[in-house]
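So the structure is just underneath, and the comments pick up after that.
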Amino acid sequence: MQALNRHIHPGWLIIAPLLLMVVALYLGPILNILWLSVTDPKPGFGNYAKLTEGDALIRIVWTTVRICIITTVFSVIFGYSIAYAMVHCHQRQKTYMLTLLLVSFWISILVRTFAWLMLLGRKGLVNVTLEDIGLVAEPIAFMRNELGVLIGMVHYMIPYAVLPLLVSMQSIDQRVMDASRNLGASGSQTFWRVYLPMTMPGLVASTLLVFILSLGFYVTPAVLGGGKVLMVAEYISVQLLVTLKWGTAAMLAAIMLFGVLAMLWIMSRFMKLSTVFGGAAR
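Read in this note's numbering, the sequence shown has 21 at position 17, and its numbers run on one by one without any break.
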C-alpha cells in the first residue's frame, strides 16, 4: 500500500470516480457506434463494403472532405490576418476586436445561416446591390450550391481559427523580430523565415480545429445547400431519422472518427502535438 501511495498521488483518488464517469460517458457511446457499424443489420463488414459497391457514398464523403478543406484554407488565411492585426494594433483597438470576436460565439449558427439566406438570395441584399451598381446583369446563384455553403461555413469558422493563432502570436517575443531586422533581414524575410515558423504550432492547431469542426456541419449545408450539397452529417441524419439504417449511419460516423485519428497520427509524425495544444516543447 505504501509503495502504491508513492507512485499514485492522493489527489487521483479524489477525482478517480469523476474521471471514470467521464470516460464511461464518452467511451461508451463511441464503442456502441463502432459495434452498430459491424452488427446492424447483420454481423460483418457489410456496411463498410457499401463504400466500394457504389459511388453514392464515396461522392458524399469526397464532397464533405473537399468542402472542409476549402473551408479550412480560407478560414485559417482570414484568421491569421485577423490574429496578426490584433497582436500588432493598439490595446484599445485589440479590446474592441476581441469583443467582436467573442460576440460572434454567442450568435446561434441557425441565426447566422438564415441571415446568409436573406443576404445571398436572388432578391437578397448582395444581389440587389450588385445589380444596382451595374456589376452584374442578373442575380448570382449563391444559394443551393457549394458556394453558399462555403460562405456560411467560412464565416462561422473564422473565430475558431483566430483564437489558437492569437494565443500563439502573443507568446512570441518581439525582440526576436527586432533582432532579425537588426541583422539585415527585410520585413518580408523576417515574416517568412522567423515569424511564420514561430507561429506554426498555432497554425497547425487552428487548422486541426477548423477541419475537425467542419466535418460535423449540418445546419449550414442543409439550409444554404438547399438539399443539393449533401455532406456526411446530413446523410447520417437521413439514415437515422428517415431510412432507419443505423448501421450505415454508424459506419459513416466511425469513418469520420478514424479519419480524424489518422490525421492526428500523421501530424504527430512531423511535429510534437503537445506544443500544438499548448504544452511545452522539449
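From the three backbone atoms N, C-alpha and C, an ideal C-beta is built for every residue, glycine too.
Judged by their CB atoms, Tyr84 and Leu169 are nearer to each other than the 7 Å cut-off.
Residue range Ala60 to His92 is occupied by the alpha helix (DSSP H) that includes Val69. Taking a C-beta distance under 7 Å as the contact criterion, Thr117 and Ser218 do not qualify as a contact pair. The DSSP-derived three-state label of Asp136 is helix.
Judged by their CB atoms, Ala254 and Leu40 are nearer to each other than the 7 Å cut-off.
In the three-state reduction of the DSSP assignment, Ala266 falls in the helix class, which pools H, G and I. For Ser184, the CB contacts under 7 Å within the same chain, skipping 5 residues up- and downstream, are Thr194 and Val198 in chain order. For Glu142, the closest C-alpha among the options Lys127, Ile155 and Leu151 is that of Lys127.
Around the Cβ of Ile155, a 10 Å sphere holds 16 or more other Cβ atoms; the residue is buried. For Asp182, the enclosing alpha helix (DSSP H) begins and ends at Gln178 to Asn186.
Ranked by how close their Cα comes to the Cα of Thr67, the residues Lys249, Ser172, Leu151 and Gly206 have Leu151 in first place.
Per DSSP, Tyr160 is one residue of the alpha helix (DSSP H) stretching across Glu150 to Gln174. The C-alpha of Met202 lies about 35 Å from the C-alpha of Ala257. Note on geometry: alpha-carbon atoms of Phe49 and Val42 lie some 5 Å from one another. Nearest C-alpha to Val233 among Leu268, Gly58, Asp44 and Val69: Val69. When secondary structure is reduced to three states using DSSP, Arg126 falls in the coil class, being assigned neither helix nor strand. The shortest CA-to-CA distance from Val236 to any of Val77, Gly220, Ile144 and Leu244 is the one to Gly220.
For Lys249, there is no enclosing alpha helix (DSSP H), as DSSP marks it with neither H nor E. DSSP places Phe146 outside any alpha helix (DSSP H), giving it a letter other than H or E. Secondary structure at Ala119: helix, using DSSP grouped into helix, strand and coil. Of the residues assessed, Gly229 falls on the buried side of the cut-off, its CB having 16 or more other CB atoms within 10 angstroms. For Asn149, same chain residues with a beta-carbon under 6 Å away, outside a window of 5 residues either side, do not exist.
Boundaries of the alpha helix (DSSP H) harbouring Leu102: Gln95 to Phe109, taken from the DSSP string. By the Cβ-count criterion, Ser79 is buried, with 16 or more other Cβ atoms from all chains shown falling within 10 Å of its own Cβ. Look at Glu57 here: in three-state DSSP terms it is helix.
Unbroken alpha helix (DSSP H) runs of no fewer than 4 residues, entirely contained in the stretch 198-239, are found at 204-219 and 223-228, following chain order.
No residue range can be given for Gly48, since it is assigned to no alpha helix (DSSP H) and is classified by DSSP as neither H nor E. The alpha-carbon of Asp136 is positioned some 10 Å away from that of Val130.
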